[in-house]
Ligand SMILES: Nc1ncnc2c1ncn2[C@@H]1O[C@H](COP(=O)(O)OP(=O)(O)OP(=O)(O)O)[C@@H](O)[C@H]1O
Ligand SMILES: [Mg+2]
């Protein structure tokens with residue numbers, strides 16, 4: 122469990138707080154999407170959660186380990202992995218296998234266990250055919266999945282994705298989103314920082330930040346129930362909702378709010394049949 126209590130964070134020399142009085146709890150097994158416009162504090166929040174940053178005041182605890190205590194940091198980082206925007210910056214070795222091994226070696230994992238984990242997690246993420254390839258020769262989506270395998274092999278409880286799909290083409294994006302879904306099915310908790318509304322609607326919970334504070338917190342359905350706040354928060358309305366609004370203007374009223382394109386297709390199909 123991740124617990125933030127009255128967290129304030131101010132960068133050295135900054136005049137205002139990047140995070141201002143944020144209190145929230147993220148349970149194991151959640152999939153939380155963190156939304157907000159540029160500069161709203163999303164990345165800062167991610168870095169506070171895994172102990173890369175220490176709060177100016179307030180507390181951040183992961184499974185009871187408080188990040189302010191030097192002795193807890195190892196426990197926190199073991200539990201919270203991070204995948205960043207640019208997959209290029211996440212490789213150190215010349216083959217995918219060596220790269221995965223390097224991360225495990227760094228954590229003092231024994232050789233036999235290392236080999237077993239590389240096999241298990243490369244299969245789980247679907248990159249076993251890439252193990253002998255050079256990371257730099259892979260596609261964007263493959264690179265990002267290798268980076269994810271490297272994090273998952275350390276068996277964290279939570280993985281924070283900081284705009285991990287934003288530099289990928291649509292295929293790479295889809296691959297990584299699918300990987301996130303599978304990880305969640307395997308019991309890994311996901312915190313996904315994103316600008317992509319289509320990605321956010323797959324989460325169980327959406328937290329919207331504005332000026333370093335929590336503006337909205339709830340299920341995607343609750344949070345997107347009304348749209349008036351979305352533009353104010355500097356975000357765009359999910360495509361399926363926009364289309365639904367336009368359809369309503371044309372007199373096609375659907376019974377329920379459709380968040381995903383699949384839901385929308387199904388609802389349209391039913392409404393057509395019942396006409
Ligand atoms: N290294 C830094 N030094 C000073 N201020 C910073 C630093 N990094 C970020 N900030 C400021 O902190 C605030 C929050 O930034 P943060 O990077 O967390 O936002 P973000 O929501 O991740 O934005 P983006 O969508 O652009 O990634 C912004 O006002 C930003 O200008
Ligand atoms: Mg950011």
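Numbering (the numbering used here), first residue to last: 122 to 396. Heads up, the beta-carbon is just placed ideally off N, CA and C, and yes, glycines get one too. As the structure is a computational prediction, the values presented were derived from the model and not from experiment.
Do residue j and residue i come within 8 Å of each other at the CB atom, strictly closer than that value?
i	j	result
residue 314	residue 161	no
residue 248	residue 263	yes
residue 297	residue 289	yes
residue 322	residue 381	yes
residue 204	residue 137	no
residue 366	residue 283	no
residue 238	residue 274	yes
residue 379	residue 388	yes
residue 300	residue 266	yes
residue 215	residue 240	no
Please look up how many angstroms separate the CB atoms of residue i and residue j, rounded, as I've assumed it's under 8 Å.
i	j	result
residue 348	residue 362	7 Å
residue 213	residue 197	Rounded, the Cβ-Cβ distance is 22 Å, inconsistent with contact.
residue 129	residue 179	6 Å
residue 338	residue 271	Wrong, their Cβ atoms sit about 31 Å apart, outside the cutoff.
residue 140	residue 372	The Cβ separation is near 46 Å, so there is no contact.
residue 147	residue 386	Not quite, the Cβ-Cβ distance comes to about 32 Å (not below 8 Å), so this is no contact.
So the candidates are the options; which of them puts its Cα closest to the Cα of residue i?
i	options	result
residue 224	202, 245, 206	202
residue 258	227, 296, 208	208
residue 134	330, 153, 177	177
residue 295	175, 283, 254, 319	319
residue 144	150, 132, 124	124
residue 355	156, 302, 185	156
residue 293	353, 375, 261, 302	261
residue 152	234, 384, 215, 324	324
residue 229	254, 211, 195, 215	195
residue 126	336, 149, 187	187
residue 253	227, 222, 226, 234	222
residue 291	342, 267, 173, 317	317
residue 350	342, 341, 360, 336	336
residue 190	242, 175, 200	175
residue 154	376, 360, 345, 377	345
residue 149	193, 360, 185, 192	185
residue 374	358, 359, 383, 391	391
residue 357	192, 159, 234, 122	159
residue 193	173, 251, 376	173
Which residues does DSSP pair with residue i in a beta bridge?
i	result
residue 186	183
residue 224	None; residue 224 has no bridge partner.
residue 334	331
residue 146	124
residue 152	311
residue 204	282
residue 326	153
residue 339	327
residue 140	130
residue 178	129
Check: Is there contact here, the region 293-309 with the region 266-281, by at least three beta-carbon pairs under 8 Å?
Finding: Short answer: they touch.
Item checked: Any 3 or more C-beta pairs closer than 8 Å across the region 325-333 and the region 168-177 -> no
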